[in-house]
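Read through the structure below, which is laid out as structure tokens, and then see the notes.
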Amino acid sequence: MKVTYREAVRAGLREALQSDPRVFLMGEDVGRYGGTYACSKGLWEEFGPERIRDTPLSENTFVGAGIGAALGGMRPIVEIMTVNFSLLALDQIVNNAATIRHMSGGQFSIPLVVRMATGAGRQVAAQHSHSFEGWYAHIPGIKVLTPATVTDAKGMLLTALKEPDPVFIFEHAYLYPMEGELDEQAFPVDIAKAAVRRPGRDVSIITFGGSLWKALEAAERLATEGVDPEVIDLRVLRPLDSATILTSVRKTHRAVVVDEAWRTGSFAAEISARIMEGAFYDLDGPVARVCSAEVPIPYPKHLEEAALPQVVTIIQTVRAMIGKG
Amino acid sequence: MKVTYREAVRAGLREALQSDPRVFLMGEDVGRYGGTYACSKGLWEEFGPERIRDTPLSENTFVGAGIGAALGGMRPIVEIMTVNFSLLALDQIVNNAATIRHMSGGQFSIPLVVRMATGAGRQVAAQHSHSFEGWYAHIPGIKVLTPATVTDAKGMLLTALKEPDPVFIFEHAYLYPMEGELDEQAFPVDIAKAAVRRPGRDVSIITFGGSLWKALEAAERLATEGVDPEVIDLRVLRPLDSATILTSVRKTHRAVVVDEAWRTGSFAAEISARIMEGAFYDLDGPVARVCSAEVPIPYPKHLEEAALPQVVTIIQTVRAMIGKG
Amino acid sequence: MAHEISREHGLELLRQMLRIRRFEEKAAELYSLGKIRGFLHLYIGEEAVAAGALPAFTAEDAVVATYREHGHALVRGTPMGPLMAELYGKANGCARGRGGSMHFFDASRKFYGGLAIVGGGLPIAVGLALAQKFSLLSPAFDKGEHQGRVTACFFGDGAVAEGEFHESLNLAALWKLPVLFLCENNLYAMGTALARHQSQPNIALKAHAYAIPSVVVDGMDVLAVEEATQQAVSSVRQGNGPYLLEYRTYRFRAHSMYDPELYRTKEEVAAWKRRDPIATFEKRLSELGWLTDDDVQQMEDAIAAEIDDAVAFAEAGPWEPVEDLEKDVYTPTSSAN
Amino acid sequence: MAHEISREHGLELLRQMLRIRRFEEKAAELYSLGKIRGFLHLYIGEEAVAAGALPAFTAEDAVVATYREHGHALVRGTPMGPLMAELYGKANGCARGRGGSMHFFDASRKFYGGLAIVGGGLPIAVGLALAQKFSLLSPAFDKGEHQGRVTACFFGDGAVAEGEFHESLNLAALWKLPVLFLCENNLYAMGTALARHQSQPNIALKAHAYAIPSVVVDGMDVLAVEEATQQAVSSVRQGNGPYLLEYRTYRFRAHSMYDPELYRTKEEVAAWKRRDPIATFEKRLSELGWLTDDDVQQMEDAIAAEIDDAVAFAEAGPWEPVEDLEKDVYTPTSSAN
Ligand SMILES: Cc1ncc(C[n+]2csc(CCOP(=O)(O)OP(=O)(O)O)c2C)c(N)n1
Ligand SMILES: Cc1ncc(C[n+]2csc(CCOP(=O)(O)OP(=O)(O)O)c2C)c(N)n1
Ligand SMILES: [Mg+2]
Ligand SMILES: [Mg+2]
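From first to last, the protein sequence lines stand for chains A, B, C and D. Oh and the first sequence: position 190 is 190 in our numbering, straight run, nothing missing. Oh and the second sequence: position 231 is 556 in our numbering, straight run, nothing missing. Oh and the third sequence: position 324 is 974 in our numbering, straight run, nothing missing. Oh and the fourth sequence: position 70 is 1057 in our numbering, straight run, nothing missing.
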């Protein structure tokens, strides 16, 4: 069945609310407004104001309240409108959500799911175009998911709600209107493994989230030039599935990592370092990174496009590598 | 002249306050209390409550006020008690301090200096033992300094105050009582280059901040085994001085990066990736990382020590590498 | 009349409100044509606030606004051309096209944005006010020149829920800083009604928690806005510390360009539109015999011409070269360059 | 007497205050011996608050406290042994030694810490109260069992300045959640006096900004604390939404073990010590003829024995094996294991 990414998220939310009375959704404008990206449209009417809760603008507190509600036995789904606003809640996430279990000697679990939109590409300028998934992936005690397909958009949410620990789901805002085939057979989807989205022999293109589609398009175009790339969708940034990455690189001997975050300190650096540590002797050449320019993302289309990873930059990077290899 | 790191910071603050009427210091308990780490002890008495300002507990606002005061023509020094509390101010830092200049088309400069204590090692447990310098180094628009010596503790602060843009200085809390030789000849110190703290031939040990001293001790001990390590103190994490790193690795053909942050997504990954990209063909073997275990830092001494990089882990890592090389 | 004004002044207030209204109507039109993209938040319905409040501030004062700041920049005096060009993303825009609708800046007019993180402007304004106070305190500064500068900080009712509102009012009052907290209470934070995001919907009353004086103002009455703002500004200039004004107003359009408006009734919107700040003020002026249909027509014609010029300016403007993408991440004199 | 109590009850209140005092005096001693490390924040002087407030809550209620929580855990009922062992960092501590002084936890007593980010406990408490309210709303929960549960949230005057205070009170009042905001106003945030961190130092008054009822309580009078807290709890249990209590108290010792105390005078400290909650209450009980020197001696002896046992328990406790360092970062059933 073909559905949009947005519809897939909504279907996951509905199913979760129907199947477990402990599940509720809270966030800014998730209720009467239907969600900034319309992911929760109709849910307030269907499930009522107790389970679909509009919050005041107060990110640190409603995320903290999600932690408390999870400690109290609920299964909260907290929506943060976009990742840039999540910085306001980072104290609760790092200092409470991620620590309370370990710091208490294992006395508590925090079954909290936090969803947020991430990424650039919609000309909303410097304060609304960040990609901080890599920062979240640095934090022990939480899990970080980056669904790129409609099946993962719905499936990962449902699996996340079965987890005993905090799970953070990053939905690339650019994907919401994207249509895809929802594979109900795939459920329940795992949240432990990366996926090989396109098998290939010549180079491993490793990416996640919104960049997956750019990587796949680049791969198809490269195929017409006789280059056969393998495309890996990390799916889960924490805990990271190194095995799938290393298996691929040992086969292709080359890797390009695509990450929409700023280059320095990007999660792409972690992938490069893991390959360095786990497959150095299998490499025919250095792992390359395709990331965003190190600038606040500007508003005009031409500058925003120049700042972000693009299909052509991926292609050029692979070509240069093959040429050298 | 021998001084403690704490005294060096205080001397820098005094000199700055004396030499520029636009400079003032604000933060929690920097005044009457003298600073949690006594860095500003005596300054309130000397410069008065207008220039040494105790703030209420409100990190996001007093950092934001520092940005506004800088926009208004002042040269604020904001002290955030420790890095974990800085998460509460990250919105102002990422969304305002780092963007306003670029986003406004270059109309404004924000000459703000923010100082904070970072790091673990004092048995203050999971909420007070973080190392987020690597996160800050990911943000275009700001600069990130990690003084490891008493000379840099004073000198970097003075140089930072001459910068037109926001500078973040991370002082490892463990270093405050450390004594060292203050080299007044070194002033003004640059905040652009990494420093080779110990020249060597066999392996490059690359680190910064509190870990420098562990790296130097490891190097001396390795020297007694006939291994001659080069120790590099990054000093500045953003903008990063790749040249010094690559020059060293091209000479030693081996590198170990020591970073007190959690391994996954650490800044050590960025260093490893840069070496991958810039000196792959010069490497005799994979770059290794010595980082913290991926756990909230526990209170008991033996567990905290086990969680953090130690002299012995650095030594073992180098030995393993030499053996393999 | 709320207070005594001259005909000229009355016409000027009307003209400013009309400039905002027509500028934004044109912007909406250009948005549907794809000339403007990203988020576009219209101020239509709230014009009396910017038009009545901003003239109370001098060129030496500082202004901080939100992503709904077109009206504030217009009244502050930034020419319409660079503002329209900014909406286009052109290099001749007021932020070289990099900011767009949400990020107007104008250093020459001490207009510090155009900030789009809700509540994020308050600490910045507190800091600007701190610098203004320092300029009085420090013997190194020329008191005369700096005497009595203040900072105007505009924000919405939704921002009142954020912690920064609380922290900023406390700090400003504690340090007696010359800042005016100007709340544009349009009764909604996006789709969330005031009573559903504030347990105590009386925003002016919250100022007591910080020992800050406050007043509720009819934000649909440009003269009431002007009078209340002038009084507050003079109190702040005299060094009495911060002041909070709650302007009760209403947004006639969607929150941004995409908004199904499921959260409010057509009747409610219609009722507020009957209090349109422009129509009601036109009526008052004509009742005073100060405004003829001709006057209105002349004013509309002049504004239409100003807008045509602004659009032409924007259309003719160049795109910033891609090579300049990384320019101004740091200041040229910085060691990072 | 503030309200009618029996002799037994009076003696029990005294005993609890004494347990806290002696426990912490011993902790300070052990700190100087190097048995306890890191930060150690003593509650000495403030005992009447924990001793008077906590008995108003049932075992089904939830409690959230700060890094100055020794007294709260003791009165809540966690045995002294595991608490002392936690200070040592031993595996038989109440948090397996991982938390230390600032991070006491006890799931069996719904004691959620021991949280050391100032203000960070308020949102957690609001969330716990939300879960308690849900348990009433959702037919899927057994109403009877959950009926009228409430959450106690302790925090200091310094936390009042943080944005989370503002955000949490608003959210709790907006959603009518069963949470008690219990402010231990000891007049200082570390070295910063109340009047230098609050522009409006009357904390109870701030509750009006959220339409939350509030009361100022003499925090040096255990009976006043008990009575005010019981009244507030019963209002919250009845579903009237949150309540704020401001306990005016004083910290006799340094903020933590290192503190030159440059920020307050010896006279001020001495004046407050004359209002020592334990000494004054002992006096009242003896004036009633309820307390003889023998009674006091017996009580002290029993507590001394309890402390000796706790120290022995801690000394005998094992260190957590280093192999277990990464245990419990995730829950065993998690896909991450
Ligand atoms: C911290 C933060 N959270 C969420 C948003 C998304 N957002 C943009 S405007 C808005 C509503 C703000 O309402 P209000 O402050 O009343 O201003 P208005 O739009 O009514 O002028 C929201 C939730 C944001 N920009 N910043
Ligand atoms: C967000 C944050 N900022 C700063 C600190 C450092 N700090 C620890 S306790 C404290 C003072 C808190 O005072 P108060 O809330 O009155 O509690 P008290 O210590 O008086 O019991 C400070 C500033 C912290 N723990 N958290
Ligand atoms: Mg509004
Ligand atoms: Mg206090």
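Glycine residues also receive a C-beta, built at the ideal position from the N, C-alpha and C atoms.
For B/Tyr499, the shortest C-beta to heavy atom distance toward ligand 4 is 6 Å or greater. Listed by position along chain C, the residues whose Cβ is nearer than 8 Å to that of B/Arg644 form an empty set, because the closest Cβ is around 38 Å away. The stretch 762-774 of chain C makes contact with the stretch 388-399 of chain B, as at least three CB pairs between them are under 8 Å. The Cβ atoms of C/Arg718 and C/Tyr693 lie closer than 7 Å to each other.
At least one heavy atom of ligand 1 falls within 6 Å of the beta-carbon of C/Asp807.
Counting the other Cβ atoms within 10 Å of the Cβ of D/Glu1255 gives fewer than 16, which makes it exposed. For C/Asn890, DSSP assigns no beta-bridge partner whatsoever.
Runs of alpha helix (DSSP H) with 4 or more residues, each lying fully within the stretch 1224-1296 of chain D, are found at 1253-1260, 1264-1274, listed in chain order. Neighbours of A/Leu240 in chain B, taken as residues whose beta carbon is under 8 Å from its own, are Thr589 in chain order. Secondary structure in the stretch 767-826 of chain C: the alpha helix (DSSP H) runs of 4 residues or longer, each lying completely within the stretch, are 771-787, 793-796, 813-824 in chain order. The C-alpha of A/Ala279 lies about 14 Å from the C-alpha of A/Asp241.
Secondary structure at B/Glu506: strand, using DSSP grouped into helix, strand and coil. In the three-state scheme derived from DSSP, where H, G and I count as helix and E and B as strand, C/Tyr762 is classed as strand. The beta carbon of D/Tyr1197 sits closer than 7 Å to some beta carbon of chain C. Taking a beta-carbon distance threshold of 7 Å, C/Pro773 counts as an interface residue toward chain B.
In the structure shown, B/Pro554 adopts extended strand secondary structure according to DSSP, grouped into three states. Of the residues assessed, A/Leu90 falls on the buried side of the cut-off, its CB having 16 or more other CB atoms within 10 angstroms. Taking C/Ser785 as reference, the option from C/Thr899, C/Asp711, C/Ala952, C/Leu668 with the minimal CA-CA separation is C/Asp711. By the Cβ test, the stretch 532-545 of chain B is in contact with the stretch 634-642 of chain B, since at least three Cβ pairs between them sit closer than 8 Å.
In this structure the stretch 123-132 of chain A does not touch the stretch 176-186 of chain A; the number of beta carbon pairs closer than 8 Å is below three. Residue pairing of B/Pro489 in beta bridges, as defined by DSSP: absent, with no partner found. For the C-beta of C/Ala811, the chain A residues within less than 7 Å are, from N- to C-terminus, Pro56, Leu57, Ser58. Spanning the alpha carbons of A/Glu46 and C/Thr801 requires a straight line of approximately 47 Å. Here the distance from the Cβ of A/Ile297 to the nearest heavy atom of ligand 1 is not below 6 Å.
Between C/Ala766 and chain A, the shortest Cβ-Cβ separation is below 7 Å.
7 Å or more divides the Cβ of B/Ile622 from the Cβ of B/Val612. Counting the other Cβ atoms within 10 Å of the Cβ of A/Asp54 gives 16 or more, which makes it buried.
A Cβ-Cβ contact shorter than 7 Å links A/Cys39 with A/Arg6. Around the beta carbon of D/Gly1086, a 10 Å sphere encloses 16 or more other beta carbons of the protein chains shown; the residue is thus reported as buried. Comparing alpha-carbon positions, the option among C/Thr728, C/His847, C/Arg672, C/Leu737 lying closest to C/Phe689 turns out to be C/Leu737. Contact between the stretch 539-555 of chain B and the stretch 667-686 of chain C is absent: fewer than 3 CB-CB pairs across the two stretches fall below 8 Å.
Proximity of B/Gln343 to chain C, defined by a Cβ-Cβ separation below 7 Å, is not satisfied.
For D/Asn1173, the Cβ falls inside the 6 Å cut-off from some heavy atom of ligand 4. For a Cβ distance threshold of 8 Å, residue set Met428, Ser429 of chain B lies close to C/His753, ordered along the chain. For the stretch 125-142 of chain A, the beta-carbon criterion of a distance under 8 Å to any beta-carbon of chain D is satisfied by Pro140, Gly141.
Listed as beta-bridge partners of D/Met1089 by DSSP are no residues whatsoever.
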